[in-house]
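Structure first, then comments.
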Amino acid sequence: DVKVTQSSRYLVKRTGEKVFLECVQDMDHENMFWYRQDPGLGLRLIYFSYDVKMKEKGDIPEGYSVSREKKERFSLILESASTNQTSMYLCASRGGEGKDLDIQYFGAGTRLSVL
Amino acid sequence: GENVEQHPSTLSVQEGDSAVIKCTYSDSASNYFPWYKQELGKRPQLIIDIRSNVGEKKDQRIAVTLNKTAKHFSLHITETQPEDSAVYFCAASSFYGQNFVFGPGTRLSVLP
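Residue numbers (my numbering), protein chains in the order written: chain A, 8 to 122; chain B, 5 to 116.
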């Protein structure tokens with residue numbers, strides 16, 4: 008069973024703080040993703056990574072950065088948190104074999120509130 | 005880039021009835037179309053997927069149909085049960101997930 012673990016379920020931060028959201032997967036997947044989920048907007052891709060130290064911008068990268076120093080870990084960084092970054096953040100990984108290659112497996116999510 | 009639309013945004017059905025959710029996509033290069041179910045407070049989980057080389061796929065009470073010409077695909081749930089109540093997301097992806105785009109979601113409520 009693929010396991011994608013996000014370090015925090017709930018976070019409360021203040022405007023201007025630097026925030027780190029951590030995600031770890033245990034299936035040696037090459038691809039990892041960060042999404043934010045907002046009501047009525049579905050899942051929007053922030054960044055993804057297809058290999059260690061490689062990253063690509065998604066649809067809404069502004070105000071975020073990422074780090075992938077090790078294959079199993081993909082971090083999302085809010086350099087200076089703002090109230091409009093209050094949201095649910097979901098991490099996913101992908102990279103099985105055969106017909107499972109395309110399946111994305113999600114973490115449980117981190118609900119971030121920026122005050 | 006790819007754009008995925010999903011309708012309806014909310015859907016209420018009586019237990020035992022069928023539910024249909026429709027999605028359209030814009031990128032003709034998309035070739036993989038998964039459906040995810042997200043129960044309240046839980047992570048999205050894949051329930052069924054279809055690739056562009058088939059027109060229909062079925063798994064027990066769930067089926068997905070794909071019309072590549074019209075660029076739309078649909079999720080069909082028959083004999084709905086209260087545990088089917090959730091938010092359902094469709095998605096479209098081209099080669100190796102570089103364009104994995106989700107629809108906005110459909111909140112399905114199955115009324116007892």
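Just so it is clear, CB atoms sit at the ideal spot from N, CA and C, and this is done for glycine as well.
Under the 8 Å criterion on CB atoms, L112/B is classed as non-interfacial with respect to chain A. Counting only residues of its own chain and dropping the five nearest sequence neighbours on each side, N38/A has a CB closer than 6 Å to the CB of Y57, R101 and G102. Counting the other Cβ atoms within 10 Å of the Cβ of D88/B gives 16 or more, which makes it buried.
Under DSSP, the beta-bridge partners assigned to I81/B are A23/B and I66/B.
Taking a C-beta distance under 8 Å as the contact criterion, F37/B and A90/B do not qualify as a contact pair. In the structure shown, E9/B falls within a strand segment according to DSSP collapsed to helix, strand and coil. Under the DSSP definition of a beta bridge, Q32/A partners with V11/A. Remark: fewer than three beta-carbon pairs, one from each stretch, lie closer than 8 Å, so the stretch 75 to 86 of chain A and the stretch 8 to 21 of chain B are not flagged as touching. Taking the Cα of V59/A as reference, the smallest distance to any Cα among I67/A, P68/A, L48/A and D35/A is reached at D35/A.
In the structure shown, P46/A adopts coil according to DSSP, grouped into three states.
The Cβ atoms of V114/B and E43/B lie no closer than 8 Å to each other. Between S22/B and T84/B, the CB-CB gap stays under 8 Å. Looking at the DSSP output, R75/A sits in no beta bridge, so it has no partner there. With a beta-carbon spacing of about 4 Å, M95/A and Q44/A fall inside the 8 Å limit used to define contacts.
From the listed residues T69/B, L50/B and T82/B, the smallest Cα separation to C27/B is found for T69/B.
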